[in-house]
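The structure appears right after this line, and notes come after that.
In the working numbering, the protein residues as written are 237 to 500.
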């Protein structure tokens, strides 16, 4: 940990950690009891979102540790997100688990963060106490691309880029490189059993127009854990960031902390 401590500098409450041969990661941390909570944002999203903020307040009030961070190329972390792959961000999550937190953590993954939390739980089972997925987007870009009409796929492959409409940025589109899609195929996990045995909670909006709610059902069926709940919000959108949605997320984590603390 010593080399990492040297690489940390404070800028307001955001800290930066240097990594050998990798871009610096920006993060915010609240010290507290175990199990801690780590928030994994969605695609091209940051640690400054409503859910990330609300969870920090909740963990602070409860006295449990909490960490939120920006993936490489996102928010205030170094590099450009257009140069990143799913594997890049998986490395970020594993680094956070290995170097920035202590003891088992509850991973809360929003959208693409839900895919990353499962990959992290497979790679570091001893570091993951439980998972909470919000609109979990497992295998999402690969599945969505494969479902496109043949001529659209062909055009994207010729251009080397897939232009995907979105309401989450000013431009109104995500420009996703074909390299990103091809690399993401290496991380797809819905084809068979998912070797995750910790408690899993999956929250999904029935009005999610980005990732169908049945993806959470597929995850629930495929994880090896028997302690799995799926909660569907009738009026819920993809981000589940309305006041009542956030209350439910907080309640779900609170319940898991109770359960895990009782087990100890």
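Each residue gets a CB set at the ideal place from its N, CA and C atoms; glycine is no exception.
Distance between beta carbons of residue j and residue i, contact taken as under 8 Å
| i | j | result |
| --- | --- | --- |
| residue 271 | residue 496 | 5 Å |
| residue 368 | residue 351 | Rounded, the Cβ-Cβ distance is 14 Å, inconsistent with contact. |
Residue environment, residue i, which counts as buried when at least 16 other CB atoms sit within 10 Å
| i | result |
| --- | --- |
| residue 371 | buried |
| residue 299 | exposed |
| residue 249 | exposed |
| residue 340 | buried |
| residue 308 | buried |
| residue 524 | It is not possible to answer for residue 524, since the shown part of the chain is limited to 237 through 500. |
| residue 278 | buried |
| residue 401 | exposed |
| residue 376 | buried |
| residue 411 | exposed |
| residue 311 | buried |
Collapsed DSSP secondary structure at residue i in the structure displayed
| i | result |
| --- | --- |
| residue 380 | helix |
| residue 330 | helix |
| residue 345 | strand |
| residue 449 | coil |
| residue 358 | helix |
| residue 397 | strand |
| residue 323 | helix |
| residue 307 | coil |
| residue 275 | strand |
| residue 296 | helix |
| residue 366 | strand |
| residue 266 | strand |
| residue 482 | helix |
| residue 474 | coil |
Residues that residue i bridges to, as DSSP identifies them
| i | result |
| --- | --- |
| residue 441 | 469 |
| residue 416 | DSSP, once it has assigned bridges, lists no residue as partnering residue 416. |
| residue 487 | DSSP output for residue 487 lists no bridge partner at all. |
| residue 258 | 255 |
| residue 411 | 399 |
| residue 430 | 459 |
| residue 464 | 436 |
| residue 302 | 266, 273 |
beta-carbon residue i near the ligand MG non-hydrogen atom, thresh 7 Å
| i | result |
| --- | --- |
| residue 491 | Of the ligands one can find in the structure shown there are none, so the ligand MG has no counterpart to examine. |
Taking three-plus beta-carbon pairs below 8 Å as touching, is the segment 466-474 in contact with the segment 427-441? yes
Count Cβ pairs between the segment 414-428 and the segment 367-384 that sit closer than 8 Å; are there 3 or more? yes
Is the segment 351-364 close to the segment 483-494, with three or more CB pairs under 8 Å? no
How about the segment 257-275 and the segment 332-346: do they share at least three Cβ pairs that are nearer than 8 Å? yes
For the structure I just gave you, are there three or more beta carbon pairs, one from the segment 391-402 and one from the segment 326-333, closer than 8 Å? no
Tell me, please, whether the segment 316-326 touches the segment 422-435 by the rule of three or more beta-carbon pairs shorter than 8 Å. yes
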